[in-house]
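Asks: The numbering used here applies: residue 8 is where the sequence shown begins, and numbers increase by one. Ideal Cβ placement from N, Cα and C applies to all residues, glycine included. I'd like to ask some things about the structure below.
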Amino acid sequence: MEKEAERGLTASQFAKLHNISRSTLLYYDEIGLFAPEGKRENGYRYYTYRQSQALEMILTFRELDMSIEEIKEYMKNPSQEALLAIFDDKLKEVEQSMRRLREMKRLLKRRKETLLQVQDLETGMIEQVHCGEEYLLVSPARIQWSLENEILSVTEHARKYHKYRRYNHSFGTLLSEEALKNERFEECDGYYTKVDRPLKKGEVFVKPAGTYLKAISVGGWDRLMETYRNIMEYAKENGIEFTGYSYEEGLNELVARGEEEYVTQIMIRVKERKKTNEETGSV
Numbered sequence: 008m009e010k011e012a013e014r015g016l017t018a019s020q021f022a023k024l025h026n027i028s029r030s031t032l033l034y035y036d037e038i039g040l041f042a043p044e045g046k047r048e049n050g051y052r053y054y055t056y057r058q059s060q061a062l063e064m065i066l067t068f069r070e071l072d073m074s075i076e077e078i079k080e081y082m083k084n085p086s087q088e089a090l091l092a093i094f095d096d097k098l099k100e101v102e103q104s105m106r107r108l109r110e111m112k113r114l115l116k117r118r119k120e121t122l123l124q125v126q127d128l129e130t131g132m133i134e135q136v137h138c139g140e141e142y143l144l145v146s147p148a149r150i151q152w153s154l155e156n157e158i159l160s161v162t163e164h165a166r167k168y169h170k171y172r173r174y175n176h177s178f179g180t181l182l183s184e185e186a187l188k189n190e191r192f193e194e195c196d197g198y199y200t201k202v203d204r205p206l207k208k209g210e211v212f213v214k215p216a217g218t219y220l221k222a223i224s225v226g227g228w229d230r231l232m233e234t235y236r237n238i239m240e241y242a243k244e245n246g247i248e249f250t251g252y253s254y255e256e257g258l259n260e261l262v263a264r265g266e267e268e269y270v271t272q273i274m275i276r277v278k279e280r281k282k283t284n285e286e287t288g289s290v
């Protein structure tokens, strides 16, 4: 025992070895969670290297949000079965945390890409782009429009799809094909939240892949209406017909200092035009 004490580490040395404070180590001793190996003749506590694994396990448990009481309960009656059960529980929790972090990483990357994209956008730009298939969670808007009804509809949508919105990338509004054709641009037929993958059958609306007319509006409501009129004029001049919804998304809500800085993206699917015999080379 005397040689063991001579080789032992002081509380400060042992705490430094494990990158924790001396006060934390003494607190663990005080509450009966982790005690020193023994005491020297002068009364000072000492710890030994063979205690390191036990302390590291306690510190790991604490990092995994295991309470001191839970750790103490295990330490009273340690067993292989109990430790395996703890490992299984914590592995599930770690996997859930990793999934959340991956979702957060994807969200941050998308937000960054969108902001960089906004920097390079031209006001009033209209162009044709190809889009892949996307999956949307959709809620219908209330039939009679009013500011109060709009707030209620958005609130209901956010509440219904809260678990998907937390780490989500896009929220937008839908304008029907009928409203678009009749130039009722002020209407709203629904609200959507994008998800990364299809969920249960019937739970998502599939935004089809295809060619879309993409337009950028910078400013408030009046500029948005003006952009829609420009879209219709562009379509008329270029012999373009639309099919399906118009999809509106705000791109810079987190940085816009007022409605004059709002950047809204409008996407409308272009109806595929049948090729003529001359274009296909047929006789």
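1) Identify which residue in A42, Y219, M73 has its Cα closest to the Cα of S253.
2) Specify the secondary structure class of R276 as computed by DSSP and reduced to three states.
3) Can I275 and G246 be called in contact, C-beta distance under 9 Å?
4) Just to confirm the assignment, what range does the beta strand (DSSP E) spanning T250 have?
5) Report the start-end ranges of each beta strand (DSSP E) in the region 193-230 that is 3 residues or longer and not cut off at the edges.
6) By DSSP, does F68 sit in helix, in strand, or in coil?
7) Is Y35 helix, strand or coil by DSSP?
8) Which residue from I65, L144, L181, R29 puts its Cα closest to that of V166?
9) What residues match up with Y241 in a beta bridge as DSSP calls it?
10) Would you list the one or two residues that DSSP bridges to R52?
11) Mind the definition here: the region 262-274 touches the region 224-238 only if three or more C-beta pairs lie below 8 Å; say whether that holds.
12) Can you round the beta-carbon distance between L71 and H25 to whole angstroms, since I take them to be within the 8 Å contact cut?
Replies: Put simply:
1) Y219
2) strand
3) no
4) 249-257
5) 197-202, 212-214, 217-225
6) helix
7) helix
8) The sequence given here has Arg at residue 166, not Val. The shortest Cα separation from R166 among I65, L144, L181, R29 belongs to L144.
9) Its beta-bridge partners do not exist; DSSP assigns none.
10) K46
11) yes
12) Actually they do not touch by this definition, with Cβ atoms about 16 Å apart.
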